[in-house]
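Trainee: With the first letter of the sequence shown counted as 1, position 84 gets the number 84 in full-length UniProt numbering; the numbers rise by one all the way through.
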Amino acid sequence: MDGCVFCQIIAGDLPGHLVLETDDLVAFLDTRPLFKGHVLLVPRTHLETLPDLPAAQRDGFLAAAQRLATAVKDALGAQGSFLAINNTVSQSVPHLHLHVVPRTKGDGLRGFFWPRTKYDDGEAAGYADKLRDALASDQP
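1. Quick check on the DSSP output: what are the complete beta strand (DSSP E) runs of length 3 or more inside the region 58–112, in order along the chain?
2. Put leucine 29 into one of helix, strand or coil per three-state DSSP.
3. Measure the C-alpha to C-alpha separation of glycine 80 and alanine 128 and round it to an integer number of angstroms.
4. Measuring CA to CA, which of Ala71, Cys7 and Ala63 is closest to valine 19?
5. Please state whether the Cβ-Cβ distance between valine 93 and valine 39 is less than 8 Å.
6. Is the separation between the beta-carbon of proline 43 and that of leucine 83 shorter than 8 Å?
7. Here's a check: name, in chain order, each residue in its chain whose Cβ is nearer than 8 Å to the Cβ of glutamine 8, leaving out the five neighbours to either side.
Shown next as structure tokens:
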């Protein structure tokens, strides 16, 4: 897609520190990492969000995420990793990308990047009902 930074990296039109390439996926270092070794996994095809990812690519996408999560531990000495996908909101580049961030206890990253909230009494059940209804309605 014209103007997409990730598409330009995939095409070789912009430099990127590639760490993994398959027929469907590319992973490269984030240019503004949370920690050194922060990787972005993207599909080669321009897709904006996770719901846009074709079913045929889901297993490969998750398998690559598993490989990258292992690699940041093995290669970088991280104790673990943080994986995240933003869909539309907070998505700095509108191309599906999964963040794989190396983590070490005491690294200063405090859970999620936003403040937490609490449900009022009985409110959680209502949210669960709405989500179950939505999931039930998307079944074939």
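All C-beta atoms in this analysis are idealised placements derived from N, C-alpha and C, irrespective of residue type, glycine included.
If you're wondering where the values come from, they're calculated on a predicted model, not measured in any experiment.
Mentor: According to the structure data:
1. 80–85 and 98–103
2. Leucine 29 sits in a strand when the DSSP states are folded into three classes.
3. 30 Å
4. Distances from the CA of valine 19 to each of Ala71, Cys7 and Ala63 were compared; the closest alpha carbon is that of Ala71.
5. no
6. no
7. Closer than 8 Å at Cβ, skipping near neighbours: Leu14.
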